[in-house]
Each structure stands twice: as structure tokens, then as C-alpha cells.
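J.: Let me begin by handing over the structure; questions about it come next.
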Amino acid sequence: MKYPETIFFIGKGGVGKSTTSALVSMMFSMQNKKVALASFDYAHNQADIFNTELNDKPYALSKFLKILQIDQDKEIKKYLKTTIRDVKKSYSYLTAFNLDGYFDVLKYSPGMEEYALVTTFLRLREEFKNYDYLIIDMPPTAVALRFFNLPTLSLKWIEQLERLRLEINKKNEIISKIKFAGKEIERDKVLTKIYEIKKTYLNLKNIFQNHMGDENKSSIYIVFNNDLLSINETRRIVEDLNTFNIYTQGLICNNKQAVEPDPAHLKSMPLYEQIKHLPFSKTPLIGERALKEFISINNISTKYLL
Amino acid sequence: MNNFSKNILNFIINLLKKIKLSLVASFKIADEVARMKAVVGAEAELEEFEYIFALLVQGSFVGMPSPPVHISMDLLPYMEKDIKLLLDRINTSNEPMSKLFSTFDIG
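Those protein sequences? They're chains A and B, same order as listed. So that you can map any letter, position 140 of the first sequence is 140 in the numbering used here, and since no number is skipped, the others follow by simple counting. One rule links them: number in the numbering used here = place in the second sequence (from 1) + 1000.
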């Protein structure tokens, strides 16, 4: 069973990432492709677009489209709870330091937000294994970039720790050999866990860098508007992603005004040739019907947009 | 051979066995002591490495900056020994010289 193809929509706050991801999900589902649309954005826009209550349990809009709203706080709490359980299971004493109090503060630690999203992403990939597409409506730029950078950054740490741990184990082995005349030492649980973490991040890095081939395809699209701030931010996103060796598949210009943007404006943008346009909508794109109408009136397809 | 000679022979054999056993035991003790002494320095070095590792990963528990929280958290359940080491270090941190002297058996 193969993993779904992942499509991320990122961009500045308010440019229309949620609307674009909702439209693309709708288009795929109209082609009878099985789609899971997950909103990682705190703004809960998908609930407004589809005019329904959403949470982390998939809501089936149709036979082919399921929608979820990820609650980061809940994911962080879930993760901390599992860690506390594991710690309590393996530590013979707990009174020495106040673990519970420490964990309470941890949920506000920097890095927890993107970690929760990464864990959720991996979980969703498993959950929707038999689906054609997993479409992710990402939070605004800052969190999105930290999300994509997390595997690279974590691997830097993990590789250092692995090196140090191997050194420790080598010394430990020498000492045991001399002291206990070659009696075998216990396998190092910490090193085993380090290898496990390393494998997960290497896998994630490969997914983000799209090194996994067709079986595990992933692509990133940046949504923007035809205004200076949005254009400049898009340029920075493309550059920042490039520094982690993650490449943008395409740019989608969501036209929020009836007037078509002047092409000269956009010419300075990276990936200029790959800019696709979402036409202006006179009516708000709220509800399944409005989305379907917009798609058919403007005759837009996934083939054009992606 | 009469009974008397047999008893003497047995006595001598047992005595030799006992001597052999005590020789082996004392050799074992000497070997153990030598092995222990041989690794004192290496063990101190190892402990230092383990301490650095623990501090690097779980330093936030004692007020040191540490790697991304999720890495510390993922490794925490497997680092009981390292956390103990950190706590021991806090207890002995006021007397670094005494720790050094006891490692090299001075005084």
C-alpha cells in the first residue's frame, strides 16, 4: 500500500491558502480521487469555508473528500502525556526532581508547535495510506518554515549526539573488556533511540526534499496575492526553502481584485514561468456549492493549477 | 599400602588442593585489583563523557541551554542513569578538587 501524494500550500497570512487548498481538494475529489484535506492552520479557516464544525476526527464531505482541523495544543498535550508515561515506566525514582511541574511548562517551549505538526503529518500519512492525496493547508510563513526545517535542524543535533554516544560506548566496551574479561555489555538503549530518531528525520527530510520518488511524492505550492508585501514574502520563502534543499513546485497567484495583475509586477519573482492564476471571485467562496460553481464557471483544473 | 599411609597421602592431596585453590583465589583477587586499577583513569574519562552527554541532552533540567525540546523528550525515558549522574554532579559540584583527588586516590 502506497502513501498518499502530499501537497503543501504555504504563504503569507491571509493570501488564500485555505481557499486554494479547499478548491484543489474539491477538484481532485470531483475526479473521484480520494483526498484528505488537513488544516494545520490555527485560524480554523476550513471550518468557515466548508461551513461546518471540524476537529481532528476526519469529517467526510463526500465519498472522496475528508477534512480535518488539527489542534496543535491537543497534539502537544498528547505527546507530553506519552513521554511522561514512558518516563514513569522506566525511571525507578521520580522524587528527585519535579517532572510534572517541568512538563507543564514544556508545552510553551519553543519548537513544540512545529514538532507537534511534524508528528501529526507522519500520523496522517499512515492514517490515509490508501488515499491518492493528502493536502495540507499550512500555517503562515514563520511556523511553516520552521516545520520544513525541523528535520534538518534535528539531524544536526542527532548526528552530534550519535557521535558522542558512540565514543562513550567504545570506551565502555574497552573498560568492560579489561574489568570483566570480555563479558558482553548491555545494548545501549539511548543509542538505539538515537538511531530510531535519526531514521525518522532522514525519512522526513527525504519527503520534504522530494527524494522518495513517485511512491512518496510531495510538493510545495506558495499562494500569494498581487501586492508588494506578499510578493516579497513569497520570494523569501522560495529562497529560505532552497537553503534547506527544499524546492517549490509552483506559485499560485490568488487574485483578490477584479483587475488582472500587471505581468511586469510579477516578472521579478522566482519561478515566474510557473505562476498560475486563481481568478477573482465576485461572491465569497463559502460552502461546497460555491466552491463547485467557482470551479465550473472558471473552468479551472488541477492540471492547470499544479 | 596400609591405612595410615593412605590417610597421610589423602591429607597431602587435600592440602595441595587447598593451596592451589587459595593460590587461584589470590591470583583472581590480584587480577581483579590490577584490572580495576588499570581502568581507573579510563572510567573517570568515561564518566566525564557521560556527564557531557547528559548535560548536552538534558541540560535544561539544570538550567543549561539544550537541543530542541523534542529531542530531549524523546531520549528522556532512556536516560535514567544519565539524570542520576547529573544530580550527583550537582551534589558534588561544590568540591571539584575532592572529586579529582578521590579519582586518582590522592591523600
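Using N, Cα and C, we set each Cβ at its ideal position, and we do this for glycine too.
Alpha carbons only, please: which of A:L291, A:Q274, A:L271 and A:E273 is nearest the one belonging to F280 (chain A)?
T.: Comparing Cα positions, the closest option is A:L291.
J.: When the distance is taken between beta carbons, is F224 (chain A) closer than 8 Å to L251 (chain A)?
T.: Yes, the pair counts as a contact, with Cβ atoms nearer than the cut-off.
J.: Are the beta-carbon atoms belonging to L161 (chain A) and I194 (chain A) less than 8 Å from one another?
T.: Yes, the pair counts as a contact, with Cβ atoms nearer than the cut-off.
J.: Could you pull the start and end residues of the beta strand (DSSP E) that K5 (chain A) belongs to?
T.: Checking the sequence, you will find Glu at residue 5 (chain A) rather than Lys. Start and end: E5 to I10.
J.: Thinking just about the alpha-carbon of each residue, which of A:V259, A:S301 and A:T6 is nearest to the one in M30 (chain A)?
T.: Here the closest residue by C-alpha is A:S301.
J.: Going along the chain, which unbroken runs of the beta strand (DSSP E) with 3 or more residues stay wholly within the region 52-113 of chain A?
T.: Fully enclosed beta strand (DSSP E) runs of 3 or longer: 65-69.
J.: Measure the C-alpha to C-alpha separation of Y131 (chain A) and P4 (chain A) and round it to an integer number of angstroms.
T.: Straight-line Cα distance between these residues: approximately 5 Å.
J.: I need the DSSP call for V223 (chain A), collapsed to helix, strand or coil.
T.: Here V223 (chain A) sits in strand by DSSP.
J.: Closer than 8 Å, CB to CB, is K77 (chain A) near chain B or not?
T.: K77 (chain A) does not count as touching chain B.
J.: Could you tell me whether the Cβ of L153 (chain A) comes closer than 8 Å to any Cβ of chain B?
T.: At least one chain B Cβ lies under 8 Å of L153 (chain A).
J.: Across which residues does DSSP place S39 (chain A) in a beta bridge pair?
T.: Partner(s): A:Q69 and A:D137.
J.: Run through the DSSP bridge pairs and tell me what H277 (chain A) is partnered with.
T.: Answer by DSSP bridge pairing, in chain order: A:C253.
J.: Per DSSP, what are the beta-bridge partners of S218 (chain A) in this structure?
T.: For S218 (chain A), which the question treats as bridged, DSSP gives the partners A:T6.
J.: Chain B partners of G111 (chain A), CB-CB under 8 Å?
T.: Neighbours of G111 (chain A) on chain B, chain order: P1068, V1069 and H1070.
J.: Roughly how many angstroms separate the alpha carbons of S39 (chain A) and Y115 (chain A), rounded to a whole number?
T.: Each residue's alpha carbon lies about 16 Å from the other.
J.: Out of A:I178, A:M269 and A:M26, which one is the CA nearest neighbour of L390 (chain A)?
T.: Residue 390 (chain A) lies beyond the stretch modelled for chain A, which goes from 1 to 306, so this question has no answer here.
J.: Flag A1044 (chain B) as yes if its beta-carbon sits less than 8 Å from any beta-carbon of chain A, otherwise no.
T.: Judged by the 8 Å Cβ criterion, A1044 (chain B) is not in contact with chain A.
J.: Please confirm whether V1039 (chain B) has its beta-carbon closer than 8 Å to some beta-carbon of chain A.
T.: For V1039 (chain B), the answer is yes, since a Cβ of chain A falls inside 8 Å of its Cβ.
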